[in-house]
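See structure below.
Number of protein chains: 4
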Amino acid sequence: MGSIHRDKHEAILDAGYTLFGTHGFYETKMSDIAELADIAKGTLYLYFNSKEDLFLAVTRRDCDEFLDRLQAELHSLETVQEQLECVSAHHLEYYYRCKQHTKLFFMAPNNHAELNEYLKQFMEMYTRMVADVLETVSSEDTMLFAQTYIGMLDRLKMDILYDTNFNEDDLRKRIRFASSLFIHGFMSAKPANEV
Amino acid sequence: MGSIHRDKHEAILDAGYTLFGTHGFYETKMSDIAELADIAKGTLYLYFNSKEDLFLAVTRRDCDEFLDRLQAELHSLETVQEQLECVSAHHLEYYYRCKQHTKLFFMAPNNHAELNEYLKQFMEMYTRMVADVLETVSSEDTMLFAQTYIGMLDRLKMDILYDTNFNEDDLRKRIRFASSLFIHGFMSAKPANEV
Amino acid sequence: MGSIHRDKHEAILDAGYTLFGTHGFYETKMSDIAELADIAKGTLYLYFNSKEDLFLAVTRRDCDEFLDRLQAELHSLETVQEQLECVSAHHLEYYYRCKQHTKLFFMAPNNHAELNEYLKQFMEMYTRMVADVLETVSSEDTMLFAQTYIGMLDRLKMDILYDTNFNEDDLRKRIRFASSLFIHGFMSAKPANEV
Amino acid sequence: MGSIHRDKHEAILDAGYTLFGTHGFYETKMSDIAELADIAKGTLYLYFNSKEDLFLAVTRRDCDEFLDRLQAELHSLETVQEQLECVSAHHLEYYYRCKQHTKLFFMAPNNHAELNEYLKQFMEMYTRMVADVLETVSSEDTMLFAQTYIGMLDRLKMDILYDTNFNEDDLRKRIRFASSLFIHGFMSAKPANEV
DNA sequence: AATGAATGAGAGTTCATTCAT
DNA sequence: TATGAATGAACTCTCATTCAT
Chain A
1 MGSIHRDKHE
11 AILDAGYTLF
21 GTHGFYETKM
31 SDIAELADIA
41 KGTLYLYFNS
51 KEDLFLAVTR
61 RDCDEFLDRL
71 QAELHSLETV
81 QEQLECVSAH
91 HLEYYYRCKQ
101 HTKLFFMAPN
111 NHAELNEYLK
121 QFMEMYTRMV
131 ADVLETVSSE
141 DTMLFAQTYI
151 GMLDRLKMDI
161 LYDTNFNEDD
171 LRKRIRFASS
181 LFIHGFMSAK
191 PANEV
Chain B
1 MGSIHRDKHE
11 AILDAGYTLF
21 GTHGFYETKM
31 SDIAELADIA
41 KGTLYLYFNS
51 KEDLFLAVTR
61 RDCDEFLDRL
71 QAELHSLETV
81 QEQLECVSAH
91 HLEYYYRCKQ
101 HTKLFFMAPN
111 NHAELNEYLK
121 QFMEMYTRMV
131 ADVLETVSSE
141 DTMLFAQTYI
151 GMLDRLKMDI
161 LYDTNFNEDD
171 LRKRIRFASS
181 LFIHGFMSAK
191 PANEV
Chain C
1 MGSIHRDKHE
11 AILDAGYTLF
21 GTHGFYETKM
31 SDIAELADIA
41 KGTLYLYFNS
51 KEDLFLAVTR
61 RDCDEFLDRL
71 QAELHSLETV
81 QEQLECVSAH
91 HLEYYYRCKQ
101 HTKLFFMAPN
111 NHAELNEYLK
121 QFMEMYTRMV
131 ADVLETVSSE
141 DTMLFAQTYI
151 GMLDRLKMDI
161 LYDTNFNEDD
171 LRKRIRFASS
181 LFIHGFMSAK
191 PANEV
Chain D
1 MGSIHRDKHE
11 AILDAGYTLF
21 GTHGFYETKM
31 SDIAELADIA
41 KGTLYLYFNS
51 KEDLFLAVTR
61 RDCDEFLDRL
71 QAELHSLETV
81 QEQLECVSAH
91 HLEYYYRCKQ
101 HTKLFFMAPN
111 NHAELNEYLK
121 QFMEMYTRMV
131 ADVLETVSSE
141 DTMLFAQTYI
151 GMLDRLKMDI
161 LYDTNFNEDD
171 LRKRIRFASS
181 LFIHGFMSAK
191 PANEV
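Protein chains in written order, with full-length UniProt numbering: chain A, 1 to 195; chain B, 1 to 195; chain C, 1 to 195; chain D, 1 to 195.
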């Protein structure tokens, strides 16, 4: 029974992830989610109290996994360079893997306190994870550096999302480009494809 | 006659800017915009064909001005350092000035072809403007570098938006921090408050 | 379950028949139909996709029944005279029974392809039914004769609709009058009340 | 001044005739009529009090002319046969001339007392005109005969309106067909194309 | 007499949510 | 636990009419 419950719970989250991700919060109907999850509309409300709650749960599952995996990958690495490139790879590969689900962050519902709170926490944890990497080198302003690094990565995802010809080579180039630029700066940077 | 028409047009754009900016596209009602602009609901439709069109016009006015001002400011500067810091200042000060209107970008309507097209163009023009600055130093991958720089800045705006204690000093610090980090990289960076 | 569904479906059609019939398509509000059918406004849209579709369904039910009954009645008769009088009676009695619902044909929505198509088919089937009766006597231009006969009948309904003193005797008189005139023509016609 | 006034008055009626006739009352916008008449929207209301009034005026002009012309044509004829064929020709040629304006009668506004009153009067005058023709032969039930004749004609117009291949020959055939059928009846009728 | 910008009541339709089964 | 028919508040947009110019 409990496992049937878990299965349905997951099925709803999967459907929500797909639809919220591709059409955004407002353009996704609860009935569509129910249909894709192959359950009745009313059943959704046995598992989630509202559309907002479901969206939060979808976001949470996705973001938590993002952080867990990053944490695990970082543990096995030693140098700051390696670790920063790991962050870069993790961030960009995430978007490369799920190009089509990016409305999840763009089109979130407004004014949902709990969601805003969660997203804030997520960003803080993500930033702290990167800051911890930097801490081994310098202890000043690591949160600010970390934040900025994440910003760089987040912009580079744009090509992934909008450039339809974007391929694996472009991906690898950007992964190295970002960590290198962050570490050495623009002035000392070699052109991206030589890095 | 024409000036009354222009006034009302502007009043609607102002009201739209305020409400779309604070509540996002979907959570803003046309009737609220009409009320804030102090006109009748029907009058909105004499000036704009639809809610989407109004949103596009609001966005356009805001973004065009952003680029025009940046262009003008860049012209009067000479070194790359100065110019990059100018970009940094322009970007962050924009958000500092209008903290409360940031939903304009977050919560845009989905699937509005013309809007998507415009935003793409905006980003390309913004990126190219920054790339042109970098071109005086290196001609390799300038679009990629420019994009990344903008990404850094865009993430730094987050503190502005969510940290309620954020003050003018924090602003100035981040402006210098961003350009310095971009130019010299993390490894050679001095702590931010010494830059 | 299905029968509750059928009941509600019928209730909506009944309400639509009454209101469209008395006020016409444009002067009837979906909310009025919902109210008369004793359901919520939104429920209408579970059964019909749009106001136009509902109107079409109402029309269809009414016209189909009209033809089915006529068909059945004609089968039991033998002479052309009897059959033509049966058509006459059927046509005029229909209007006599539902004087108040005649806006159904007058005030249909414009430009609804499916509705126009249906009405065209209805007229063709009605005409063919009458033409088949005539065919036993002559095979020339039966469709044209049939059409004309229906035209005569359709004009005679006007008194029914607008003459408030119109009674059953007037009805019977016109039923015989029409078939007799059609068969023998004006020149050889005896005065209507002697037929 | 007066003639300018008359010109504009006529221009509005012409535009109304065209648009009401092609799209019906409800699907025609006052603004479209103004545009077609080449005047401002507000000006319409200097000449007509409301959309309904304008529709009534358009109808009135059209119907009055219809009767006036018929009256004139009938005067020059002598035998009942000729006169009835004249009615037939007048009725069908009217529709043949203005196929595209037939929404004028189909899609009239509901519940406009004055319009309903006028249409009733129109029908009565039309019927009486035909009844007067019949009176020279028989004095019984002439109104009923007249009404029925008009009904025949009105149905025959349908082919004109919906059969896109309908040509002048078809028209002439129906004109003779109708009067002949009315006079001699179906039983003694010769096939239409031999009449 | 002529204008056309402004009005605002009111329409059809949607969809998150409920609840009897 | 699961259903899905039913709900009704809330939305965007229309258009006949007005009135200051």
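Ideal Cβ positions, reconstructed from N, Cα and C, are used throughout, including at glycine. For clarity, every value in this text was computed on a predicted model and none was experimentally measured.
- The segment 155-165 of chain A makes no contact with the segment 131-140 of chain A: fewer than 3 CB pairs, one atom from each, lie closer than 8 Å.
- If you check each beta-carbon in the UniProt domain "HTH tetR-type" (6-66) of chain C against every beta-carbon of chain D, the ones closer than 7 Å belong to 23, 24, 26 and 27.
- For residue 66 of chain D, the enclosing alpha helix (DSSP H) starts and ends at 51-75.
- Sorting D:79, D:134, D:112 and D:60 by C-alpha distance to the C-alpha of residue 17 of chain D places D:60 at the top.
- For the set D:111, D:183 and D:171, the Cα lying nearest the Cα of residue 146 of chain D is the one of D:183.
- One thing to note: residue 84 of chain C has its Cβ no nearer than 9 Å to the Cβ of residue 3 of chain C.
- For residue 148 of chain B, the chain A residues whose C-beta falls within less than 8 Å of its own C-beta are 152, 155, 156, 177, 178 and 181, listed in chain order.
- For residue 169 of chain B, no CB of chain A lies under 9 Å from its own CB, so it is not counted at the interface with that chain.
- One alpha carbon belongs to residue 163 of chain A, the other to residue 99 of chain A, and they sit about 11 Å apart.
- Distances from the alpha-carbon of residue 82 of chain C to those of C:185, C:186 and C:176 put C:176 closest.
- Annotation: residue 151 of chain C to residue 15 of chain A spans about 59 Å, alpha carbon to alpha carbon.
- Contact between residue 112 of chain B and residue 74 of chain B is ruled out by a C-beta separation of about 31 Å, above the 8 Å threshold.
- Apart from the 5 residues on each side of it in sequence, residue 39 of chain C sits with its Cβ closer than 8 Å to the Cβ of 8, 11 and 12 in its chain, given in chain order.
- Proximity of residue 129 of chain C to chain D, defined by a Cβ-Cβ separation below 9 Å, is not satisfied.
- Within chain A, no residue has its beta carbon less than 8 Å from that of residue 166 of chain B; the closest one is some 13 Å off.
- Residue 125 of chain D: member of the alpha helix (DSSP H) spanning 113-135, first to last residue.
- Taking a C-beta distance under 9 Å as the contact criterion, residue 24 of chain C and residue 186 of chain D do not qualify as a contact pair.
- For residue 40 of chain D, there is no enclosing alpha helix (DSSP H), as DSSP marks it with neither H nor E.
- For residue 31 of chain A, the secondary structure class from DSSP, reduced to helix, strand or coil, is helix.
- Residue state for residue 146 of chain D is assigned as helix, using DSSP reduced to three classes.
- When the Cα atoms are used, residue 64 of chain C and residue 117 of chain D turn out to be separated by approximately 33 Å.
- In this structure, the CA atom of residue 28 of chain C is about 14 Å from the CA atom of residue 53 of chain C.
- A direct Cα-Cα distance of roughly 13 Å separates residue 22 of chain B from residue 95 of chain B.
- Taking residue 130 of chain C as reference, the option from C:32, C:153 and C:41 with the minimal CA-CA separation is C:153.
- The Cβ of residue 87 of chain C sits no closer than 9 Å to any Cβ of chain D.
- Contact of residue 125 of chain B with chain A is not assigned, every C-beta pair being separated by 9 Å or more.
- Taking a C-beta cut-off of 8 Å against chain A, the contacting residues of the segment 111-122 of chain B are 111 and 120, listed in chain order.
- Around the C-beta of residue 88 of chain B, 16 or more other C-beta atoms lie within 10 Å, and the residue is accordingly described as buried.
- Contact of residue 95 of chain C with chain D is not assigned, every C-beta pair being separated by 9 Å or more.
- Residue 62 of chain B and residue 68 of chain B have their C-alpha atoms some 10 Å from each other.
- Bounds of the alpha helix (DSSP H) holding residue 178 of chain B are 168-184.
- Residue state for residue 82 of chain B is assigned as helix, using DSSP reduced to three classes.
- For residue 18 of chain B, the secondary structure class from DSSP, reduced to helix, strand or coil, is helix.
- Between the C-alpha atoms of residue 43 of chain B and residue 34 of chain B there is a straight-line separation of about 8 Å.
- For residue 93 of chain D, the secondary structure class from DSSP, reduced to helix, strand or coil, is helix.
- Contacts between residue 188 of chain C and chain D, judged by CB atoms closer than 8 Å, involve 184, 185 and 188 in chain order.
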